[in-house]
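Novice: Following this message is one structure expressed as structure tokens.
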Ligand SMILES: NC(=O)c1ccc[n+]([C@@H]2O[C@H](COP(=O)([O-])OP(=O)(O)OC[C@H]3O[C@@H](n4cnc5c(N)ncnc54)[C@H](OP(=O)(O)O)[C@@H]3O)[C@@H](O)[C@H]2O)c1
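In the working numbering, the protein residues as written are 352 to 607.
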């Protein structure tokens, strides 16, 4: 009988990463989860989940951590959900956590995937790779733009090894940790519902669903792609959006 597949989720202790960890558990995977702080008690009790503590903004000790994770068996999938949190623009830390750490993990594990596994790598990007989000610092934008190209580079470089590497780019999403906040912001969520073509905000499950698709057999010929998960919001031209939310909405607005 085939051993349980082993998947690694970097940044899987909270938010969207946690939703992906739960989905993997439900499929019977062994999951190695990495974060700075331990997962909640509920998640620590999930069957097959092992937690590894590390601060990816500091490279010290990363090699021995990677070796420890590898001891749990060749990988089925590898996914990156980590993002730096904190005040101010910590340029170096954004690049270390998003780019350097992702590259180190990929380089270390590229020859440590199970031969008969999914052999899929997925990183989570952001609309901040292509647009400017006023609430995010410069380092976030540059790191996410770099992540997209890192994914494209490895998609080509690792194709001969039978590995696929893709990106999922979410818009603003509701996650378990932010559900109470969004519930208390009825006007804002209604506005999102109005401007997002799909008519609602996305959730962590939508992100995990996209990662699942990219790791699965239906995406066997898909590599180096950026799957945008935003309910169609980024398809709208900004000027149309401005008119849609303007008090003049409903009236014909013409340019003079
Ligand atoms: N939430 C959204 O609406 C949204 C929108 C667009 C894109 N995204 C992208 O989606 C991904 C997940 O976002 P999220 O909102 O779910 O994030 P989150 O809730 O902040 O979770 C981030 C994860 O990364 C880990 N992490 C953060 N800094 C780390 C470090 N220095 N070393 C090791 N682990 C670290 C966290 O663990 P600790 O808490 O223990 O540090 C946590 O597990 C990110 O790449 C984000 O940019 C999110």
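Glycine included, every Cβ here is placed at the ideal spot set by N, Cα and C.
At what residue ranges does the stretch 379-437 contain a whole run of the beta strand (DSSP E), taking only runs of 3 or more?
Specialist: Counting whole runs of 3 or more residues, the stretch 379-437 contains the beta strand (DSSP E) stretches 381-386, 400-404, 426-431.
Novice: Is the beta carbon of residue 425 within less than 6 Å of some heavy atom of ligand 1?
Specialist: For ligand 1, not one heavy atom lies less than 6 Å from the Cβ of residue 425.
Novice: Could you check the C-alpha separation between residue 539 and residue 450 for me, to the nearest Å?
Specialist: Computed Cα separation, rounded: 32 Å.
Novice: When DSSP labels each residue in this structure, what does residue 577 get in the three-state scheme?
Specialist: DSSP places residue 577 in strand when its eight states are reduced to three.
Novice: What is the DSSP secondary structure of residue 448, reduced to helix, strand or coil?
Specialist: Of the three classes helix, strand and coil, the one that applies to residue 448 here is helix, per DSSP.
Novice: Kindly give me the distance between the Cβ atoms of residue 559 and residue 371, rounded to whole angstroms, as I take these residues to be in contact under 8 Å.
Specialist: Contact flag correct, Cβ pair sits at about 4 Å.
Novice: Express the C-alpha separation of residue 595 and residue 469 in angstroms, rounding to a whole number.
Specialist: For residue 469 and residue 595, the distance between alpha carbons rounds to 43 Å.
Novice: Using 8 Å as the cut-off, can you tell me whether the stretch 581-589 makes contact with the stretch 541-552, which would need three or more C-beta pairs spanning the two stretches below that distance?
Specialist: Contact holds: three or more Cβ-Cβ distances are below 8 Å.
Novice: Put residue 549 into one of helix, strand or coil per three-state DSSP.
Specialist: Three-state DSSP puts residue 549 in coil, outside helix and strand.
Novice: Under 7 Å, do residue 518 and residue 502 count as touching if we go by C-beta distance?
Specialist: Taking 7 Å as the Cβ cut-off, residue 518 and residue 502 qualify as a contacting pair.
Novice: When you compare only the Cα positions, how much space is there between residue 523 and residue 399?
Specialist: The alpha-carbon atoms of residue 523 and residue 399 are separated by roughly 30 Å.
Novice: Leaving out five residues on either side along the sequence, give the residues of the same chain with a beta carbon under 6 Å from the beta carbon of residue 525.
Specialist: Counting only Cβ-Cβ distances below 6 Å, and skipping sequence neighbours, we find 533, 552, 554.
Novice: If we count the other Cβ atoms within 10 Å of its Cβ and call it buried at 16 or more, is residue 511 buried or exposed?
Specialist: Exposed is the call here.
Novice: How far does the beta strand (DSSP E) with residue 480 in it extend, from its first residue to its last?
Specialist: No beta strand (DSSP E) holds residue 480; DSSP gives it neither H nor E.
Novice: In chain order, what are the residue ranges of uninterrupted beta strand (DSSP E) at least 3 long that sit wholly in the stretch 464-526?
Specialist: Counting only runs of 3 or more, we get 471-475, 515-521.
Novice: Going by CA-CA distance only, name the one from 436, 356, 431, 427 that's closest to residue 369.
Specialist: Checking every option, the nearest Cα to that of residue 369 belongs to 431.
Novice: Which two residues bound the contiguous beta strand (DSSP E) that contains residue 357?
Specialist: Residue 357 -> beta strand (DSSP E) spans 357-361.
Novice: For residue 453, does the three-state DSSP call read helix, strand or coil?
Specialist: Helix at residue 453.
Novice: With residue 369 as the anchor, note down where its alpha helix (DSSP H) starts and where it stops.
Specialist: Looking at the DSSP string, the run of the alpha helix (DSSP H) that includes residue 369 is 366-377.
Novice: Report whether the distance from the Cβ of residue 411 to the nearest heavy atom of ligand 1 is below 6 Å.
Specialist: Answer for residue 411: no, Cβ out of range of ligand 1.
Novice: Taking the alpha-carbon positions, what's the residue 454 to residue 474 distance?
Specialist: Each residue's Cα considered, the two are about 11 Å apart.
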